[in-house]
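Below: one structure, written as structure tokens.
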Amino acid sequence: MDVNYQCHLCSHNEVESLEHLFRDCLFATRIWAGSHLGIRAAIHHDMTFQDWIINWISFIHKMSNSDDLIISLLCCIWVIWSARTNAALGDNSISLTGAILIYEEVVARILNAKIIPSRSFDYPARNDDLSNSLKFLQSGNRCKFYGSAYRCDQTCIFVDAAWRDDKITGLGWCVKYQNGSSQSFYKQGLPSLSPDQAEAVAILEALKWASKEKILHVVIYSDCLQLLSQILDLAKPSLNTRLLVADILYLCCLFHCVSFCFIPMKRNKMAHMLAQKAINL
Ligand SMILES: [Zn+2]
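With the working numbering as the guide, the letters of the sequence shown map in order to residues 546 to 826.
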């Protein structure tokens, strides 16, 4: 029988040892770094995997939220193993962002807690003429579709975020259904580093909500031109937003159709009010 001993998750022709698969492989290092533990796995080359994991468990045990962190640690191992198994069985669609989203979902389900955006994705650099793109966006055109062509049963979601100097972030989104009814949502987000980052978190939350509600045709309205131009691939994402933009694009795959539209701030009042309400919770 022909057995492949090489790592299935990276293209470095490394032998698939416990140490490589679960710790040293590029895929594994990014899962650990992107997890709630934020472990820099790449700097422990001289230890066996067994010693390494025992060290981390004893370290985590001293912390106040050790139970939650142990669950995170186990989920990291599980998600690496499950990606490896799928890859070994011939699945070519293994993605790091996908693996991290699965990890987050599993941790959240276990802890019954809200999902925390993680950090690990390489976004390709883009070079476009920003000024032309922004004019196009400002013209109010329906800008870009992900998925199939425009359908008249799209649900409109007006999104906004509020941000304070102490990094507190309020998220608000107002949903308008085709039958004329509407719903409003607001919540506090995790602390954000900038207003742009807060806007990106708000869009991400609105998309996650829509996906959970099984709404498949969505138009997202935002008054953050800079962020929209990044999502629509018209401008290079900033350091603060690129990981969130990547996650937004990844989430778009869950829908039949998502389009993003610019809306002037004065016409986005409802979402704005909701975000302000959330920040003062
Ligand atoms: Zn590898």
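A virtual CB, placed ideally from N, CA and C, is assigned to each residue, including glycine.
All values reported here derive from a predicted model rather than from experimental measurement.
- prompt: Once you ignore the five residues that flank residue 611 on each side, which residues in its own chain have a CB closer than 7 Å to its CB?
  reply: In the sequence shown, counting from the first residue as 1, residue 611 sits at position 66. Counting only Cβ-Cβ distances below 7 Å, and skipping sequence neighbours, we find 605.
message: For the structure I just gave you, are there three or more beta carbon pairs, one from the segment 744-762 and one from the segment 797-808, closer than 8 Å?
response: Output reads yes: the segment 797-808 touches the segment 744-762.
query: Among 646, 702, 584 and 727, which has the Cα closest to the Cα of residue 716?
result: Reading the sequence shown from its first residue, position 171 is the one you call residue 716. Ranking the options by Cα distance to residue 716, first place goes to 702.
field: Check: residue 557 C-beta below 7 Å from any heavy atom of ligand 1
entry: On the sequence shown, position 12 is the one that residue 557 refers to. Checking every heavy atom of ligand 1 against the Cβ of residue 557, one is found closer than 7 Å.
Simplified DSSP state of residue 648, which is helix, strand or coil: Start at 1 with the first residue of the sequence shown, and residue 648 comes out as number 103. Helix.
query: Helix, strand or coil for residue 579 per DSSP?
result: Locating residue 579 in the sequence shown gives position 34, where the first residue counts as 1. Here residue 579 sits in helix by DSSP.
field: Element boundaries [alpha helix (DSSP H), containing residue 536]
entry: With the chain represented from 546 up to 826, any question about residue 536 goes unanswered, as that position is not in the structure.
Cβ-Cβ separation, residue 616 to residue 646 (assumed contact under 8 Å), whole Å: Within the sequence shown, numbered from 1, the residue matching residue 646 stands at position 101. Within the sequence shown, numbered from 1, the residue matching residue 616 stands at position 71. Contact between residue 646 and residue 616 does not hold, since the beta-carbon distance rounds to 17 Å and is not under 8 Å.
task: My understanding is that residue 713 touches residue 824, with C-beta atoms under 8 Å, so please give their C-beta distance in whole angstroms.
output: To locate residue 713, count along the sequence shown from 1; it is residue 168. To locate residue 824, count along the sequence shown from 1; it is residue 279. The Cβ separation is near 6 Å, so the contact holds.
task: Please state whether DSSP places residue 765 in a helix, a strand or coil.
output: Position 220 of the sequence shown, counted from the start, is the residue given in the question as residue 765. In the structure shown, residue 765 sits in a strand (DSSP, three-state: E or B).
- prompt: Pick from 750, 624 and 826: whose alpha carbon is nearest that of residue 789?
  reply: Sequence index remark: in the sequence shown, residue 789 carries index 244 (1-based). Out of 750, 624 and 826, 750 has the C-alpha closest to the C-alpha of residue 789.
task: Assuming residue 578 and residue 585 form a contact by the criterion Cβ under 8 Å, report the distance between their Cβ atoms to the nearest whole angstrom.
output: As a working note, residue 578 is residue 33 in the sequence shown. As a working note, residue 585 is residue 40 in the sequence shown. Going by Cβ atoms, the distance from residue 578 to residue 585 rounds to 6 Å, so yes, they are a contact pair.
query: If you drop the 5 nearest sequence neighbours on each side, which residues of the same chain put their C-beta closer than 8 Å to that of residue 668?
result: In the sequence shown, counting from the first residue as 1, residue 668 sits at position 123. In this prediction, residue 668 scores a pLDDT of 31, lower than 50, which makes its location untrustworthy; the coordinate-derived value is nonetheless stated afterwards. So the qualifying residues of the chain are 782, 787, 788, 790 and 791.
query: Do the CB positions of residue 807 and residue 773 come within less than 8 Å of each other?
result: Residue mapping note: residue 807 aligns to position 262 of the sequence shown, counting from 1. Residue mapping note: residue 773 aligns to position 228 of the sequence shown, counting from 1. Yes, they are a contact pair.
field: Own chain residues within Cβ distance below 6 Å of residue 738, not counting five before or after
entry: Working through the sequence shown from its first residue, we reach residue 738 at position 193. Non-local beta-carbon contacts of residue 738 in its own chain, meaning distances under 6 Å to residues more than five positions away in sequence, involve 785 in chain order.
field: Where residue 716 sits in the DSSP three-state scheme
entry: Here the question's residue 716 lines up with position 171 in the sequence shown. In the structure shown, the three-state DSSP call for residue 716 is strand.
task: Would you kindly check if the distance between the Cβ of residue 651 and the Cβ of residue 620 is under 8 Å?
output: Here residue 620 is taken as the residue at index 75 of the sequence shown, counted from 1. Here residue 651 is taken as the residue at index 106 of the sequence shown, counted from 1. A contact, by the Cβ cut-off of 8 Å.
task: Verify the contact flag: residue 563, CB atom, against every heavy atom of ligand 1, threshold strictly below 7 Å.
output: Start at 1 with the first residue of the sequence shown, and residue 563 comes out as number 18. Not one heavy atom of ligand 1 sits closer than 7 Å to the Cβ of residue 563.
message: Applying the 10 Å Cβ sphere with the 16-neighbour rule, what's the burial state of residue 724?
response: Here the question's residue 724 lines up with position 179 in the sequence shown. So residue 724 counts as exposed.
message: Please classify residue 583 as buried or exposed, where buried requires at least 16 neighbouring CB atoms within 10 angstroms.
response: As a working mapping, residue 583 is identified with position 38 in the sequence shown. By the 10 Å Cβ count, residue 583 comes out exposed.
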